[in-house]
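In what follows, a structure is listed as structure tokens, so that the remarks can point back to it.
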Amino acid sequence: MQSGRKAIVPPMERLGQSEFSIATQGYTIPNCDCVRFGLKLDDIRRVQREARAGQINPPSWFRSNYTFEGDSTCSDYATQRGAGQKVFSYSFYSPKVYTERESHFARYLGHLYSHISSIHTQYPGWVMRVYHNVSKEDAIVNTMFCRLSCAFQHVDFCHVKHLPNRLDLMGKGVVGRMWRFAVMGDPTVSTFLVRDSDSMIIERQVRAVQEWLASGKGFHVMRDHPNHHAIMLAGPFCMRGFMPDE
């Protein structure tokens, strides 16, 4: 644990796998005073390489979680979570927000606590991701994101200028509302739902997603309002699997 930082320790059944000497390490987000502990990413990659070369035969827990190739499109911490992740994906893009009274803050961040709680109760086992461009100068939102990251293990924040493999969505000119679709190319994700941050999670949509999950179909697009005229809305969109960059 780093001095002066608050530690968050994940479930112990994922840690301390001594037969392959996989250590734990601390993961942080910028400008935040806590550390999340997870499996050491370098050790995971080493065991992956040795297994592919036929040098070792990993146990079933490792084969179930770490046979994917590549990295998460969110963060190193998201990569060490392993395969089969089910993810709610959001974007937050804005110039600096100096006060919680700003209308942009209220509209797009005012529901985050509700989203976190609803995902935890309505979609147990799912992870909530927020792809964002918040800078260190934005103390209000930084403090909020830090507090949420420290308090909730099922929430990941993905800074779009500092994604794994030096991926910089802003530098590539990707518009903010599309950042959340980076989850589509994530090899650790089995199922994802893309949502608008100003849309509440309601029971009608929860039931619709449950029906889709039970159907075995690959995609799900919802239009559940008289004003939803587009063939496919960017917000209520679901997909299984991932689309590799080929």
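Residues in the sequence shown are numbered consecutively from 200, following my numbering. Just so you know, even glycine gets a beta-carbon here, dropped at the ideal spot from N, CA and C.
The DSSP-derived three-state label of residue 379 is helix. As DSSP reads the structure, residue 284 sits in a beta bridge with 388. The three-state secondary structure of residue 432, taken from DSSP, is coil. Within the same chain, and ignoring the five residues on either side of residue 242 in sequence, the residues whose Cβ sits closer than 8 Å to its Cβ are 219, 220, 221, 222. Looking at the DSSP output, residue 438 sits in a beta bridge with 391, 418.
One alpha carbon belongs to residue 400, the other to residue 314, and they sit about 7 Å apart.
Look at residue 355 here: in three-state DSSP terms it is strand. Note on geometry: alpha-carbon atoms of residue 273 and residue 233 lie some 18 Å from one another. Beyond the five residues adjoining it in sequence on each side, residue 392 comes within less than 6 Å, by CB distance, of 287, 437 in the same chain, given in chain order. In its own chain, leaving out the 5 sequence neighbours on each side, no residue places its CB closer than 6 Å to the CB of residue 258. Sequence-distant partners of residue 249 (beyond 5 residues in either direction) whose C-beta falls short of 7 Å from its own C-beta, in its chain, are 255.
The residues 230, 333, 335, in chain order, have a CB closer than 7 Å to that of residue 341 in the same chain once the five nearest residues on each side in sequence are set aside. In this structure, 290 is the residue among 290, 253, 252 with its C-alpha nearest to the C-alpha of residue 394. Excluding its 5 nearest sequence neighbours in each direction, residue 292 has C-beta neighbours in its own chain below 6 Å: 332, 375, listed in chain order. For the set 323, 410, 365, the Cα lying nearest the Cα of residue 352 is the one of 323. By alpha-carbon distance to residue 418, the top candidate from 424, 408, 339, 265 is 408. For the 9 Å CB-CB criterion, residue 347 and residue 354 form a contact.
Counting the other Cβ atoms within 10 Å of the Cβ of residue 379 gives 16 or more, which makes it buried. Taking 4 residues as the shortest admissible run, the region 248-273 contains the following complete alpha helix (DSSP H) segments, listed from N- to C-terminal end: 259-264. Per the C-alpha coordinates, the member of 327, 266, 337, 306 positioned closest to residue 382 is 327. Per DSSP, the beta bridge partners of residue 331 are 291, 358.
Around residue 388, the same chain offers 284, 286, 382, 441 as residues with beta carbons nearer than 7 Å, after the five sequence neighbours per side are excluded. Here residue 386 is near residue 269, since their CB atoms are less than 9 Å apart.
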